[in-house]
Amino acid sequence: MATLVLTALGTALGGPISGALGAMVGGRIDGKLMGTRDGPRVKELAVTTSSYGAPIPLHFGRMRAAGTIIWATDLVEHREKSGGKGRPATATYSYSASFAVALSARPIRRVGRIWADGNLLRGAAGDLKVGGALRVHDGHGDQPPDPLLAAALGAQCPAFRGRAYAVFEDLQLADFGNRIPALTFEIIADEGEVALGDLMGAPNSEQPFAGLAGYALEQGALGGELAAINQLYPLTCLSEAGALAVQARIEPANAEAALAPVLGEPAVSGEPEDFGGPAGQRSQRDSGPRAWIESLRYYDPARDYQPGAQRPGGRPGMGAGRRLDLPGVIEAGVARQLVEGAARRAEQDGPVVSWRVAELDPSLAPGRVVRLPDRSGLWRIEEWEWRTPGVELTLSRLSGPRATPVAAGPGDPGAIVAPLDSATGPTLLRAYRLPPQGSTVPALAIAASSAQAGWRGAALYQVESDALLPVAASGRRRAALGALVSPLPPSPAMLFEAAGEIILQLVSDEFILSSASRAALDTGHNLAAIGAELVQFAQAERAAPGLWRLTGLLRGRGGTEPDSRRGHIVGAPFTLLDDAVTTLLPSESGVAPGRIAAIGLADEAPVICDIEELGTGLLPPAPVHLRLGGSAATGLTLSWVRRARGCWQWPDRVEVPLVEEQERYLVGAGTADRPEAQWLTTQPHLLLAPGSLPAEVQGPLWVRQIGTHGLSQPAFFPDLLLT
Numbered sequence: 088m089a090t091l092v093l094t095a096l097g098t099a100l101g102g103p104i105s106g107a108l109g110a111m112v113g114g115r116i117d118g119k120l121m122g123t124r125d126g127p128r129v130k131e132l133a134v135t136t137s138s139y140g141a142p143i144p145l146h147f148g149r150m151r152a153a154g155t156i157i158w159a160t161d162l163v164e165h166r167e168k169s170g171g172k173g174r175p176a177t178a179t180y181s182y183s184a185s186f187a188v189a190l191s192a193r194p195i196r197r198v199g200r201i202w203a204d205g206n207l208l209r210g211a212a213g214d215l216k217v218g219g220a221l222r223v224h225d226g227h228g229d230q231p232p233d234p235l236l237a238a239a240l241g242a243q244c245p246a247f248r249g250r251a252y253a254v255f256e257d258l259q260l261a262d263f264g265n266r267i268p269a270l271t272f273e274i275i276a277d278e279g280e281v282a283l284g285d286l287m288g289a290p291n292s293e294q295p296f297a298g299l300a301g302y303a304l305e306q307g308a309l310g311g312e313l314a315a316i317n318q319l320y321p322l323t324c325l326s327e328a329g330a331l332a333v334q335a336r337i338e339p340a341n342a343e344a345a346l347a348p349v350l351g352e353p354a355v356s357g358e359p360e361d362f363g364g365p366a367g368q369r370s371q372r373d374s375g376p377r378a379w380i381e382s383l384r385y386y387d388p389a390r391d392y393q394p395g396a397q398r399p400g401g402r403p404g405m406g407a408g409r410r411l412d413l414p415g416v417i418e419a420g421v422a423r424q425l426v427e428g429a430a431r432r433a434e435q436d437g438p439v440v441s442w443r444v445a446e447l448d449p450s451l452a453p454g455r456v457v458r459l460p461d462r463s464g465l466w467r468i469e470e471w472e473w474r475t476p477g478v479e480l481t482l483s484r485l486s487g488p489r490a491t492p493v494a495a496g497p498g499d500p501g502a503i504v505a506p507l508d509s510a511t512g513p514t515l516l517r518a519y520r521l522p523p524q525g526s527t528v529p530a531l532a533i534a535a536s537s538a539q540a541g542w543r544g545a546a547l548y549q550v551e552s553d554a555l556l557p558v559a560a561s562g563r564r565r566a567a568l569g570a571l572v573s574p575l576p577p578s579p580a581m582l583f584e585a586a587g588e589i590i591l592q593l594v595s596d597e598f599i600l601s602s603a604s605r606a607a608l609d610t611g612h613n614l615a616a617i618g619a620e621l622v623q624f625a626q627a628e629r630a631a632p633g634l635w636r637l638t639g640l641l642r643g644r645g646g647t648e649p650d651s652r653r654g655h656i657v658g659a660p661f662t663l664l665d666d667a668v669t670t671l672l673p674s675e676s677g678v679a680p681g682r683i684a685a686i687g688l689a690d691e692a693p694v695i696c697d698i699e700e701l702g703t704g705l706l707p708p709a710p711v712h713l714r715l716g717g718s719a720a721t722g723l724t725l726s727w728v729r730r731a732r733g734c735w736q737w738p739d740r741v742e743v744p745l746v747e748e749q750e751r752y753l754v755g756a757g758t759a760d761r762p763e764a765q766w767l768t769t770q771p772h773l774l775l776a777p778g779s780l781p782a783e784v785q786g787p788l789w790v791r792q793i794g795t796h797g798l799s800q801p802a803f804f805p806d807l808l809l810t
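Whatever position you read off the sequence shown (first residue = 1), add 87 for this note's numbering.
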């Protein structure tokens, strides 16, 4: 800001020259006020690029990084047609792409999670959240070319040996706006902590950096990387076997300090401006305010490898502070200890002494700790240069006790809203042909679900011979499926059963059942299929994770009274028929009685189930309100009330419409399958004159409605046994 202000002011007052001077002064002021940033930059989450010639980083330990796209195909359009056979024909379009992403310029062990546009594309269990295939090449020297790239590029296809890369084949792009998303990868290059020798490629420097779980080494100057690490993990240079080596700095213990050699008297030179001055030794100390450590930025594994920040304790120093950047993965507690140590060392920086010696001692090499004849304390040789007047040494004073391994201390990584990582489980499937509702043709209900919350839906098919014909898609919401854990007794299915009880176990603890009022029950809420019976429940109570108790029952709904009279055993399937169930309307569900198949992401083969009939289907429901008067000797008067397919409520007490071609009934005596006597009538009543019943007839009286497609179930007249 000062740069902008003083540049503008100088230009206005004195022209271009004054503007340049103002920019220089403003830059100095901004540097003092705003501080500096040391080290390679800690980047926010980068996006996957495909820039030609961009360097591919070297990854060590565990890192989260965006790769570089090195090969890709055009988008591939997929067209799926469904419908026909009396249903509207629809075409669904989807798009996919195949591409390869370079991950690291050195071999890795494996790839963990993958994020796409900030959401999980691949979970910790290795499951892809969308359709497609993934292959990871670890970058070792014997890896073969990827088969997809080899098929596309032929003999020109490289194997990318020494480079780790990932190949996505037919990755479905519907969740990403039909484009290749911004990808970041959890790269596990090595196990354990990162060592200095890994970064430098020096096997003699194998001491690990305590707490450093990962590091990203951009392919630039190594000196800048080591300077950044030196701020937090002090390093030293040693001359070994004629070569310069970098090692982790360790302060000498008291016993070792007593053995530190004492330098000889400084060699005198006659040149005042020479190294160390005429006396051969000179002490320097910065008289200005020290650059105190303001903060440390790093990659935090508790934040899904997003940047974190830690600040040292105590009061801020005078002048401009320094912000340290470490492109490495460390925990918050370790980062706090590191920045505290860096701040303490910055405060305790001692003087720097220039000392010239006349002897050429091979042991006096950079990194060696020595003592001075006229000064107390220990001094480390930072620089060594052999010139004509002598060997010139630059020494720094040591302070503090011997360094100890960094231990994780108190540190808060901060809050983060991490994407949910739920494994994609196999598909569970049930299919029902529902009783007609508001029409004369039954609808098809397909309940697709999974025990895992990461299930993302399935494609539904009709099974015809050996072919799978597309029907619909289930959607991502899971249907609530379960099974009875206690038997459900038989019921006449005539009245609301306040004391009725269902105990069931759902396949997932995440499923929630809710209660409903009597008015809500009248509109069809809380409808479930238990076996082949339709049941409604008023109250739902969670007894344990996944275990539910349902009370206040309406049994035998939709003409399923015969199944309610039989009851249900333990293990009978339970399916909640709510909005999570895929329902195909009569005009769409031209699926002949047979089987339905589903294929989800985690299904290795199609999941197939039979379609179960609920209720009477296309047959009329049995008559109700049967009344019987008189006797066999005086004549019998029989009456009943007919019902109609799709008309399960009687809100205005008006006779339901006749949905059959004509109104006809079959009245019989004896068993329904082998009647001993029977009569036909076109009215919902019948008068049997005295003597019209044969004397040999034994058994109950019953009535069945004759529909367009067949007979209803028999309804039995009560309290009469013909003898």
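For each residue, glycine too, the CB sits at the ideal point set by N, CA and C. Model, not experiment: these values are computed from the prediction.
Simplified DSSP state of residue i, which is helix, strand or coil
i      : result
ALA494 : With a pLDDT of only 49 at ALA494, under the threshold of 50, the placement of this residue in the model should not be trusted, and no figure is reported.
VAL254 : strand
ILE150 : It should be noted that the sequence gives Met, not Ile, for residue 150. The answer is strand: DSSP assigns MET150 an E or B state.
GLN393 : strand
ILE316 : helix
ASP412 : strand
LYS119 : With a pLDDT of 47 at LYS119, under the threshold of 50, the modelled position of that residue is not reliable, and the figure given next carries that caveat. Helix at LYS119.
VAL746 : coil
ILE793 : strand
GLY722 : strand
VAL426 : helix
GLY401 : coil
ARG652 : helix
VAL440 : strand
ARG455 : coil
ASP285 : helix
ASP609 : helix
Beta-bridge pairing of residue i - partner residues as DSSP gives them
i      : result
THR769 : Partner(s): none; THR769 has no beta bridge.
PHE247 : Paired residues: none, contrary to the question.
GLY477 : ARG474
LEU531 : ARG520, LEU671
Burial state of residue i, where buried means 16 or more other Cβ atoms lie within 10 Å
i      : result
ARG197 : exposed
ALA534 : buried
GLN785 : exposed
ALA300 : buried
GLU427 : buried
PHE583 : exposed
THR795 : exposed
GLN623 : buried
GLY375 : Caution applies to GLY375, whose pLDDT of 49 falls short of 50 and renders its modelled position unreliable; the model cannot decide the point.
TRP473 : exposed
ASP412 : buried
THR647 : buried
HIS146 : buried
Closest residue to residue i among the options (Cα-Cα distance)
i      : options                        : result
ALA530 : SER537, SER536, TYR519, GLN539 : TYR519
PRO144 : PHE255, ALA159, SER181, LEU286 : LEU286
GLY45  : GLN736, PRO649, ALA445         : Given that the chain is displayed from residue 88 to residue 810, the structure contains no residue 45 and the question cannot be resolved.
VAL550 : ALA220, ARG151, ILE695         : ILE695
ASP277 : GLU691, GLY199, PRO744, PRO476 : GLY199
ALA756 : GLN736, GLU748, ARG791         : ARG791
VAL746 : ALA684, GLY733, SER536         : GLY733
ALA545 : PRO693, GLY477, ALA580         : PRO693
LEU515 : ILE267, PHE147, VAL668         : VAL668
THR768 : GLN749, PRO781, THR758         : GLN749
THR662 : VAL594, TRP466, ALA237         : VAL594
GLN770 : THR610, LEU753, THR323         : LEU753
ALA625 : PRO632, ARG423, ARG636         : ARG636
ARG409 : ARG384, TYR385, ALA239, ILE380 : ILE380
Original post:
Between the stretch 441-457 and the stretch 375-395, do at least 3 Cβ pairs fall closer than 8 Å?
Top reply: no
Original post:
Three or more beta-carbon pairs under 8 Å between the stretch 243-259 and the stretch 219-230, yes or no?
Top reply: yes
**OP:** Mind the definition here: the stretch 189-203 touches the stretch 562-581 only if three or more C-beta pairs lie below 8 Å; say whether that holds.
**Re:** no
Subject >> Meets three-Cβ-pair contact criterion under 8 Å: the stretch 712-730 and the stretch 622-642 >> reply: no
Original post:
Looking at C-beta atoms only, is the number of pairs between the stretch 411-420 and the stretch 447-456 that lie closer than 8 Å three or more?
Top reply: Touching, no, given that fewer than three Cβ pairs across the two stretches are closer than 8 Å.
Subject >> Touch test, the stretch 599-613 against the stretch 703-716, Cβ-Cβ under 8 Å, three pairs minimum >> reply: Contact fails between the stretch 599-613 and the stretch 703-716, because fewer than three Cβ pairs, one in each stretch, are under 8 Å apart.
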